Amino acid sequence: MNDDRFDVIGRVTRRQDGHAMVTGRQLYSSDISLPNMLQARVLRSPYPHARIAAIDTSGAERLGAVCVTPEDVPRVKYNERQVSVPAKTYRDRTVLPDKIRHVGQGVVAVAARTEALADKALDALDVGFESLPAVFDPHEAMRDGAPQLHDAVMLGETVLPIERNIACSREAVEGDVARGLEEADLVVENEFTTGRAYHGQLESKAVVCRPEADGGITVWATTQSIHNTRQLLGILFDIPLSKINVQRVPIGGSFGSSIQMNSSVAICVALALKAQKPVKLVLTREEDMYDHCKYPSNIHLTYGVKRDGTLTAGHLKTVVDIGGHNIQAYPLLGCMAGWFVSLYRLPHLKFEGTAVYTNKAPACAMQGYGNPQVTFAVESMMDTIAEALDIDPIDLRLKNYVGLGETFWGQGPTVRSVIRSCGVEEMLLKGRAMVGWERRGSPARKTGRFRRGIGVGRGFHTSGTGAPTPGEVIDYSTAMVKINEDGSVDCLTALMCHGGGTLEAGAKMVAEELGVPLDRVGISPSNTRSTGYDVCTHATRGVYCGGASLLRAAQDVKKILLDFASRIIDVNPEALKVQPDTSRGQGFVFLPGAPAKRISVAEVAKTAQIKGWGSIIAVVSHRQVNCPPCFVVNFVEVEVDTATGQIRPVRAVAAVDAGTVINPDLAAGQLEGGLCRGIGLALLEDTTYKPDSGELTCGGYLTDYKIYTAQDMPSLEDLSTFFADTYEPSGPFGAKGVGEAANNATAGAVANAIYNAVGVRLTEAPITPERVLSALTREAEQLQQGR
Amino acid sequence: MTTYPIDIKVNGEWKQAEVTARETLLDALRNRLRAFEVKDGCSQGDCGACTVILAGRPVNACLTLAVQANGKEVTTLKGVGTSEQPDPLQKSFVEHGAIQCGFCTPGVVVSAKALLEANPCPNREEIREGISGNLCRCTGYTQIVEAIEDAAAQGRGGVGEREDA
Ligand code: FES
Ligand code: FES
Chain A
127 MNDDRFDVIG RVTRRQDGHA MVTGRQLYSS DISLPNMLQA RVLRSPYPHA RIAAIDTSGA
187 ERLGAVCVTP EDVPRVKYNE RQVSVPAKTY RDRTVLPDKI RHVGQGVVAV AARTEALADK
247 ALDALDVGFE SLPAVFDPHE AMRDGAPQLH DAVMLGETVL PIERNIACSR EAVEGDVARG
307 LEEADLVVEN EFTTGRAYHG QLESKAVVCR PEADGGITVW ATTQSIHNTR QLLGILFDIP
367 LSKINVQRVP IGGSFGSSIQ MNSSVAICVA LALKAQKPVK LVLTREEDMY DHCKYPSNIH
427 LTYGVKRDGT LTAGHLKTVV DIGGHNIQAY PLLGCMAGWF VSLYRLPHLK FEGTAVYTNK
487 APACAMQGYG NPQVTFAVES MMDTIAEALD IDPIDLRLKN YVGLGETFWG QGPTVRSVIR
547 SCGVEEMLLK GRAMVGWERR GSPARKTGRF RRGIGVGRGF HTSGTGAPTP GEVIDYSTAM
607 VKINEDGSVD CLTALMCHGG GTLEAGAKMV AEELGVPLDR VGISPSNTRS TGYDVCTHAT
667 RGVYCGGASL LRAAQDVKKI LLDFASRIID VNPEALKVQP DTSRGQGFVF LPGAPAKRIS
727 VAEVAKTAQI KGWGSIIAVV SHRQVNCPPC FVVNFVEVEV DTATGQIRPV RAVAAVDAGT
787 VINPDLAAGQ LEGGLCRGIG LALLEDTTYK PDSGELTCGG YLTDYKIYTA QDMPSLEDLS
847 TFFADTYEPS GPFGAKGVGE AANNATAGAV ANAIYNAVGV RLTEAPITPE RVLSALTREA
907 EQLQQGR
Chain B
136 MTTYPIDIKV NGEWKQAEVT ARETLLDALR NRLRAFEVKD GCSQGDCGAC TVILAGRPVN
196 ACLTLAVQAN GKEVTTLKGV GTSEQPDPLQ KSFVEHGAIQ CGFCTPGVVV SAKALLEANP
256 CPNREEIREG ISGNLCRCTG YTQIVEAIED AAAQGRGGVG EREDA
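Quick mapping for you: the protein sequence lines, in order, are chains A and B.
Under the working numbering, residues 127 to 913 are what the first sequence spells out, in order.
Under the working numbering, residues 136 to 300 are what the second sequence spells out, in order.
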């Protein structure tokens, strides 16, 4: 797809970091190696709930190891995630804990010259635990007399007592749900669950910390936000931010796993400060699995609907099992409310969410932030309604979806905006033709062991968390753009690329704006010292918000460039244009129709330097005042083996409305990857626990957790992707996000395809073969009884 | 701890290292020989990020003892090609967008190299099988499989053609 309006936007180009990655020169945090660096290991609790009775580090210290215990670390209560405003930030943990709240929680950390020595030191530690009764089910945790994980936590600067393990709850009401349900011709309700999937980013969390001579520290860490990491370390260790430098390092996948400053970062810093030597801490895969997982869901959903398919009311109740610590449950509940009310128009609505502590690994954001969970339930229900009313599922969606000109809750009740670009109809209609919707047929007529079905899922994600007024969530980015004296361009930003091409997109925007060939625009390595604040690369905000900040800086730089050029070639700057000349590897400033009035960007920059006019440079902090939805549509065809319960996706069409697509090939790659993780959520992934010990059933092994390999990845005979043809007026060059949207609609589409194949509604994800078989058996029994 | 001297030919160059009896090839390559292009994704033989070619065969370096590599030849991603002289596979991965975060790439490209050396003309199923020991969480594999297919075609001097079949 090439867009004639642009020189580089929308064109397939070779990503700049591709060569480093493919020739082995790209280094990640886990590859950082410094002189005299110590290796760290952490002793972790085998108990899900316990008091720490005694700690003896003398054996480890005799081996020459440096040790830190809960006694040695700052007692400041903190939250790993720093995206909410302080007053809405729940703080319930310390660098090392006062009490154990899940298996795998770190208790004592050691650092020694080699990994082998660190392991020996770990063995030499003596820690006594006093085991406490544990609770693993959120509903049980809310009962009277259940073991209490936290007595009180901090909310902002106030002490918040915790009762019945409820970490927080949230409600959103508009209209009167009871009335809306009364007005309905049909009321449907059902319950849906999704699992605690594990991020499975290929690089396990890693950090290196080097203490500096001035009392400061330099940190290399797997993180989606270098600035939040720095700020939090400043608070915890009472070091001025000017002495903390966090480097932006490539990250080996994230999917939300490093949205927060992971607990290992603070542990590593504590060790390095005590040892006064660089320390490296890389989590083992097992430790990584006990560090975070996806928020699971348990959703009770009710809809009222008129005979013609118009929704009259919706009521969603959810209980979220957040594990041992509250990382971002409060904004999560708000977002779940927002996802729910922004999918389909509801004259009367109610959302009730409760987040509950249990003795399991803490849940955090993972691609979609509650959205795949809500959309799984809602999209399943849309098909239930369509069948009951004998309406085509696509027509029902077209009738009720929230689209152009309507209000969208980008980040919960407090962040609302009006939708100004929308490709939903285009994607539903085009996708319907591509997948061969007319082949669906009715499940009642399908027979034989292998049955195929086609399902649709529709969804969206927000592009960032911007809004006209400051809300509960911080959102802005800072960028610096500078034209060098040879006409090349440096860009500085704290924005991260998780692999999807965010920085590449930023470079393209700057190249487009300045009329400079793309290969002359570089994204500089950066750190917290060299960049202004950027909230975090999360919430599908990289291109829409981060890219916009680069574009704004480029616009400011362009003004200076044209002003300087006008002085040299004596043309009013307003009349000047820019354009790249790739054959000469240069950008040019020119007056259209006047060949003599043309000068290269390099010559302008060099002249400005020689004459002392100054550098062509600008820094911009930019907040988007909108967070437009990037819509997504998935069509999935599956084959159900009714003898084994195995489900094999065989065909898929994935489409996104991302506004102007900046990197078409990389965006298509994001759609494919998202679809696959969505299928994983639907069919495969969950971290389950042994009820007696509170340990992970998979034992910390990727093989036993199961993520798709190339071979058992449902081998799609046919996977197509396409983009809606839209333009977002508030986006840089008309762009919105892609990221999380890519997996939001998939699980719903899969469940609907299964229903279309076998006529049974599966509501518990992962939809494992056992669950399919037992549902099929139940259905058969009911049929028999009915007969 | 007792250490043993070993000689390994890494990407064409003989190197010496002192390793312990239980040290893995992965640790020896990364910690002693600074071959950081070999990634550690699990240390358990589950992810394939550490794949290297040892004496002609792809292995998980984390499941191989360093002493087993004594006197043998090891090829890592850097031995597959360099930025000056990239292998068709490396070019193809960049062109097909078969890399996102890039952390699995060193292992996947090495597995693909071993596959194409053993079978220059693999079909899609054989490609999927050949890289089934390498997890990629980002891409969903589609573009990786296409990149390998394309590199194989280029290695044969053109799409779909094969002279020595
Ligand atoms: S690091 Fe060797 S297989 Fe994962
Ligand atoms: S590109 Fe990230 S794991 Fe493969």
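Where is the CB? At the ideal position from N, CA and C, for every residue including glycine.
Computed from a predicted model, the values in this text were never measured in an experiment.
Query                                                                                                                      : Result
Complete beta strand (DSSP E) runs within the region 386-440 of chain A (minimum length 3 residues, chain order)           : 405-408 and 423-431
Proximity test, Cβ basis, 8 Å: A:Y827 and chain B                                                                          : yes
Chain-ordered neighbours of A:S156 on chain B, where CB pairs are closer than 7 Å                                          : D175
Where B:L224 sits in the DSSP three-state scheme                                                                           : helix
Rounded C-alpha distance that separates A:V779 from A:K420                                                                 : 25 Å
Straight-line gap, A:L189 to A:L243 (C-alpha atoms, nearest Å)                                                             : 8 Å
Cβ neighbour criterion (16 or more within 10 Å) applied to A:L530                                                          : exposed
Whether A:T619 touches A:S652 by CB criterion (8 Å)                                                                        : yes
DSSP-derived helix/strand/coil call for B:P241                                                                             : helix
Runs of beta strand (DSSP E) lying entirely within the region 331-374 of chain A, each at least 3 residues, in chain order : 332-337, 343-347 and 370-373
Check whether A:C753 and A:T533 have beta carbons under 8 Å apart                                                          : no
Euclidean distance between Cα positions of A:L409 and A:V334                                                               : 12 Å
Same chain, Cβ closer than 6 Å to A:V467, neighbours up to 5 away in sequence not counted                                  : L475 and W535
First and last residue of the uninterrupted beta strand (DSSP E) at A:H474                                                 : H474 to Y483
heavy atom of ligand 1 below 7 Å from A:G144 C-beta                                                                        : no
Expected contact under 8 Å - CB spacing of B:G265 and B:A247 to nearest Å                                                  : 7 Å
Range covered by the alpha helix (DSSP H) that runs through A:A780                                                         : Element bounds for A:A780: not the alpha helix (DSSP H) but the beta strand (DSSP E), I773 to D783.
Segment contact, 8 Å Cβ cut-off, at least three pairs: the region 177-197 of chain A with the region 268-280 of chain A    : no
Cβ distance (whole Å) where A:V233 is taken to contact A:S295 below 8 Å                                                    : Not really, about 31 Å apart at Cβ, beyond 8 Å.
Proximity winner among A:P699, A:V745 and A:R646, relative to A:P914 (alpha-carbon distances)                              : Nothing can be reported for residue 914 of chain A, as the shown portion of chain A is limited to 127 through 913.
Cross-chain neighbours of A:D791 in chain B, by beta carbon under 7 Å                                                      : G232
Cβ shell of A:G435 (< 8 Å), same chain only, five flanking positions each side left out                                    : I511, A512, L515, I517, D521, L522, K525 and N526
Best match in A:G449, A:M492, A:G496 and A:P174 for proximity to A:W465 [C-alpha to C-alpha]                               : A:G496
Nearest to A:Q152 (by Cα), restricted to the options B:A170, B:E153, B:D162 and B:T155                                     : B:A170
Given B:P140 as reference, the closest of B:Q151, B:T159 and B:A190 once Cα atoms are compared                             : B:Q151
Distance CB(A:V764)-CB(A:A879) smaller than 8 Å                                                                            : yes
Rounded C-alpha distance that separates A:A463 from A:P539                                                                 : 7 Å
Distance, A:L437 Cα to A:R471 Cα                                                                                           : 7 Å
Closest Cα partner of B:V154 within the set B:L198, B:N205, B:G214 and B:D285                                              : B:N205
Cβ pair A:G641, A:G711 closer than 8 Å                                                                                     : no
Check: A:G738 C-beta below 7 Å from any heavy atom of ligand 2                                                             : no
Contact belief for A:P422 with A:A489 at Cβ below 8 Å, rounded distance in angstroms                                       : 7 Å
Rounded distance between the beta-carbons of A:V372 and A:T355, thought under 8 Å                                          : 5 Å
C-beta neighbour in chain A for B:E264, strict 8 Å                                                                         : yes
Interface partners of A:T813 on chain B, CB under 8 Å                                                                      : Within chain B, no residue comes near A:T813; the closest Cβ sits about 15 Å away, beyond 8 Å.
Sheet register partners of A:L312 (DSSP bridge)                                                                            : A:V431
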